Ligand SMILES: Nc1ncnc2c1ncn2[C@@H]1O[C@H](COP(=O)(O)OP(=O)(O)OP(=O)(O)O)[C@@H](O)[C@H]1O
Ligand SMILES: [Mg+2]
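Protein chains in written order, with the numbering used here: chain P, 50 to 412; chain Z, 0 to 291.
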């Protein structure tokens, strides 16, 4: 087992900067998820860790050991590839046993370890098949099996369950997490699916256009996004954003919009007054942080229902406030209909204000 | 995927085309197989019997062709008096040797060209193919001078080198296509599993094996059938079957029987090889055609 330190690492492909000045530290035995949209440099990072891609600048260390110049075979890592990369001419058994055979393990050890891995992944009945005779989900599990038989010091998983159907994916999320906890092996897990990252990882590194945006526990990332981009990327359904002005009304700071003015809380006011904040901000609030009731009047924000989407356990409501649209998550017994007037109550204790120019969060 | 069966509709034009196709095929078979057949049969005939021909227009006279007592004396004379066992050996060693060397070196070179990016790669690749663009005859004289200077004329290694010179660029060009079709991720996975770069290369060879095997046969065929190199570079010590056969044609006494027998000895091994690997040959050479 080993900790992983990524120290001012850059990756260029010609003129393309795929990873820019990345700094990460992953503790021994930790489940670290690298989360970001397509093309943000996740795979590049992972491939540098694996030794498949040259590190353009910076250092990567496993424990105290700098591994920049170590070939993949000497790094003691196991990787699951985005596109499986199974050996087409070998059976499932040979695919899984490959790394053990390359290391000259004895027949009995191979037999026993392959058995253990295939039991965990429930692919025991597929051992004699060739990869082209497997479904996508089965291939993916074989690829995972190939990685876990060897008990390396570091797992590198590149979107290992992205191609599975929703149900199997949910199942595999749980399985992988349990497996990692049991083996206690450090895991770096790349995904573009925030649900995977939130549900499995000890800590998440959110990347965007090659730049690390935020590094923290799932709860930190969800509750305290450092900037507007992270706030918008993490969370499903996505956060609502509205441009507001900060105005002092009777000694209390308010977030003011042509259609409403909402006072900030005491601690938030302290943060705003401390920082040399500007009047122009962007307010962000998650759909489940907005309360909705039908009818007019009261001091809540007046709105009109545009659309209701019952989702079984929840109900999503599209509500218009002046020119703005808010997505609200509520209970399925909500009675409003399209065109009805309603009122929105913002949970100001949990909302966010961002600098409109830099996107950085005040809170 | 759509079925690859051709959809056919009955029509007068269709039947006409069918008849024409049949006629064409008959002519084609006669054209290609008859010479071989005549060669094969004649090699077992005495000289007199071989020249017994019916008069033109006398179709019943065709039985004359089969009216002979088989003899193997031509084969005996080839191997006992004319040293054909040596020439056969030369042919086998020169063609198999050059084919092996071309394919082994070619595979490694093609692999690097397929997998590694470096400055000037395109130019290098073009230069390699361009060496095949000049006609062989044009380079023959300088090549001969060089080989003579190096003492390679009339030796088997010289002949192997000459064939390799011409097979290698072709091998690199063909094999690069095969390697391009194997996803690089497979080797990356091997390397993560603990293989060296070279191990990873070896591990994907089974995937290109049909192509490489088919190409090996093409290289053997090229060298086996070659006359020009063999007669000039190989003249003297490294005579191969085609050259030896040619030498049976002497101004005084053309030994038709022996020539026919020599033809059989030259053709038969390649025909067997062809039949043996026919399926792989087709599979191998079309391998690069369709991407997954
Ligand atoms: N071999 C390469 N040559 C040139 N550019 C590359 C290469 N590989 C990746 N890139 C570029 O680097 C950037 C990051 O790519 P990377 O594969 O790391 O993205 P990713 O986050 O894994 O995306 P995805 O979720 O789609 O897999 C992209 O802009 C991509 O176009
Ligand atoms: Mg990727």
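Beta carbons: idealized from backbone N, C-alpha and C, even for Gly.
Source: prediction; values computed, not measured.
Item                                                                                                                  : Value
At least 3 beta-carbon pairs within less than 8 Å: the region 248-268 of chain P vs the region 385-394 of chain P     : no
From 286/P, 284/P, 289/P, 319/P, residue whose alpha carbon lies closest to that of residue 300/P                     : 319/P
Rounded straight-line distance, which links the Cα of residue 104/Z to that of residue 111/Z                          : 11 Å
Span separating the alpha-carbon of residue 72/Z from that of residue 245/Z                                           : 19 Å
Around ligand 2, Cβ to any heavy atom closer than 7 Å, ordered along the chain                                        : 91/P, 92/P, 131/P, 207/P, 208/P, 239/P
Span of the beta strand (DSSP E), counted from its first residue to its last, around residue 333/P                    : 329-334
Within chain P, partners of residue 174/Z - CB distance below 9 Å                                                     : The premise fails here: residue 174/Z is roughly 18 Å from chain P at the closest Cβ pair, so nothing lies under 9 Å.
Proximity to residue 205/P [Cα-Cα], best of 234/P, 183/P, 186/P                                                       : 234/P
The beta strand (DSSP E) enclosing residue 60/P, as first and last residue numbers                                    : 53-62
Residue 370/P, DSSP secondary structure in three states                                                               : strand
Through-space distance from residue 287/P to residue 363/P, alpha-carbon basis                                        : 15 Å
heavy atom of ligand 1 below 7 Å from residue 76/P C-beta                                                             : no
Residue 133/Z in three-state terms, based on DSSP                                                                     : coil
Residue 115/Z versus residue 243/Z - alpha carbon distance                                                            : 45 Å
For residue 194/P, the first and last residue of its enclosing alpha helix (DSSP H)                                   : 185-197
Contacts that residue 182/Z makes with chain P (C-beta to C-beta distance below 8 Å)                                  : 132, 134
Residue 401/P - partner residues in DSSP beta bridges                                                                 : 333/P
When 216/Z, 53/Z, 62/Z are compared against residue 278/Z, the one with the closest alpha-carbon                      : 216/Z
Bridge-paired residues (DSSP) for residue 82/P                                                                        : 238/P, 253/P
Beta-carbon proximity check, residue 373/P vs residue 331/P, cutoff 8 Å                                               : no
Nearest neighbour of residue 268/P, chosen from 109/P, 316/P, 290/P, 243/P [CA to CA]                                 : 243/P
Residue 188/Z vs residue 130/P beta-carbon contact at 8 Å                                                             : yes
Cα-Cα separation, residue 408/P to residue 115/P                                                                      : 35 Å
Alpha helix (DSSP H) runs contained entirely in the region 288-342 of chain P, provided each spans 4 or more residues : 315-323
Opposing strand residues paired with residue 133/P [DSSP bridges]                                                     : 130/P
Separation of residue 182/P from residue 139/P, as counted between CA atoms                                           : 11 Å
Coil, strand or helix - residue 20/Z by DSSP                                                                          : helix
Terminal residues of the beta strand (DSSP E) in which residue 109/P lies                                             : 106-111
Interface positions of the region 225-253 of chain P facing chain Z (Cβ-Cβ less than 8 Å), listed along the chain     : none
Runs of alpha helix (DSSP H) wholly within the region 182-268 of chain Z (minimum 4 residues, chain order)            : 183-192, 196-224, 227-231, 240-246
The region 134-155 of chain P: positions lying closer than 7 Å to chain Z by Cβ                                       : 134, 136, 137, 138, 147, 148, 151, 152
Ligand 1 heavy atom lying under 7 Å from the CB of residue 241/P                                                      : yes
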